[in-house]
Amino acid sequence: MFSPPTSTPSPDGKLFQPLIYFYNSHPGEEYQADMVNGFGVAPNVTVTNYILQEEFKKRGIDVVVEERSATDVLNANGWKYARSYDATRTFLESAILEYPTLEYFVDLHRDSVSRGISTVTIGDTDYAKVMFLIGMENTGHAANEALTVQIEQYLNSHYEGISRGIYRKSGAGVNGVYNQDFSGNTILIEIGGMENTLEEVYHTCLAIAEALYAVMVGDA
């Protein structure tokens, strides 16, 4: 559960004490092209950061959205794609130094599964399904898992069928840690797949914001 701000406001009366940090280890993951914008440009997973930022703003919680790109770090260092989590590790380390009030670190992804797997209709609304990843090679993964379970349980109880489950990953061919050793409150969420529309992703982000907020304030 988060603690309310205690610092003195700045001279302009505004106190920025962010509690949540949203970032993307794979920022190039795209959703279905949105033809409504007139250009047919496929939005990528970074849009989820800003939807969630707005939702938490409505709830009176400041967040930080990472503007730097993991892709740029990979290119600058000559690193392969598999080192994407090394790239965002540098972001995490600098973010906590700049914003020591941060308590939650959320890495948002888009999965590569087909629409039939990545979509659910609840009532009259279509949602992009979510999937959670736990890095089992992180020795402290129990804390990350506990937080993830709370969020997923809330989602399942309020949006039945929206979650594809919690995947616990380790071994050859996977990262196995996903920067979750950085904090027990670091989580990884896959939102939808490449065939999901931005509208479906938007609906899901509203649900995620509701769930994470409920966990933060102890209402889950």
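Using our numbering, the first residue of the sequence shown is number 1289, and each one after it goes up by one. Beta carbons: idealized from backbone N, C-alpha and C, even for Gly. All values derive from a computational prediction rather than experimental measurement.
- [ ] Quick one: which unbroken alpha helix (DSSP H) runs of 4-plus residues sit fully inside the segment 1330–1417? Chain order, please.
- [x] Taking 4 residues as the shortest admissible run, the segment 1330–1417 contains the following complete alpha helix (DSSP H) segments, listed from N- to C-terminal end: 1335–1346, 1358–1365, 1372–1386 and 1403–1406.
Open item on the list: If I follow the unbroken alpha helix (DSSP H) through residue 1492, where does it start and stop?
Closed with: In this chain, the alpha helix (DSSP H) harbouring residue 1492 covers 1486–1505.
Open item on the list: Helix, strand or coil, according to DSSP, for residue 1256 in the structure here?
Closed with: Nothing can be reported for residue 1256: it is not among the residues displayed for the chain, which extend from 1289 to 1508.
Open item on the list: Let's test the definition: count the other Cβ atoms within 10 Å of the Cβ of residue 1289 and tell me whether it reaches 16, buried, or not, exposed.
Closed with: Confidence at residue 1289 is low in this model, with a pLDDT of 48, below 50, so its placement is unreliable and the value that follows should be read with caution. Residue 1289 is exposed by the Cβ-count criterion.
Open item on the list: On the criterion of 16 or more Cβ atoms from any shown chain inside 10 Å, does residue 1416 qualify as buried, or is it exposed?
Closed with: Residue 1416 comes out buried.
- [ ] Below 8 Å on the Cβ atoms is my guess for residue 1403 versus residue 1478; work out the distance and round it to an integer in Å.
- [x] Not confirmed; about 14 Å, so no contact.
Task: At least 3 beta-carbon pairs within less than 8 Å: the segment 1357–1368 vs the segment 1436–1451 - done: The segment 1357–1368 is not in contact with the segment 1436–1451.
Task: Residues sharing a beta bridge with residue 1308, DSSP - done: Paired residues: 1351 and 1392.
TODO: Taking 8 Å as the cut-off, decide whether the C-beta atoms of residue 1499 and residue 1443 are in contact.
DONE: Yes, these two residues count as a Cβ contact at 8 Å.
Open item on the list: For residue 1427, count the other beta carbons within 10 Å of its own beta carbon; 16 or more makes it buried, fewer makes it exposed. Which is it?
Closed with: Classified as exposed, residue 1427 has fewer than 16 neighbouring CB atoms from the shown chains inside 10 Å of its CB.
Open item on the list: Between the alpha carbons of residue 1489 and residue 1480, how many angstroms are there, rounded?
Closed with: Roughly 7 Å separates the two Cα atoms.
TODO: Could you name the residues that DSSP lists as bridge partners for residue 1455?
DONE: Partner residues in the beta bridge of residue 1455, as assigned by DSSP, are 1421.
Open item on the list: Report the CB separation of residue 1362 from residue 1372 in whole angstroms; it is logged as a contact under 8 Å.
Closed with: About 7 Å separates the Cβ atoms of residue 1362 and residue 1372, confirming a contact at the 8 Å cut-off.
Task: Closest by C-alpha distance to residue 1330, when choosing among 1452, 1497 and 1317 - done: When only C-alpha atoms are compared, the closest one is 1317.
Task: residue 1305 beta carbon less than 8 Å from that of residue 1389 - done: Yes, they are a contact pair.
Open item on the list: For the beta strand (DSSP E) containing residue 1478, name the first residue and the last one.
Closed with: 1474–1479 is the span of the beta strand (DSSP E), which, as asked, contains residue 1478.
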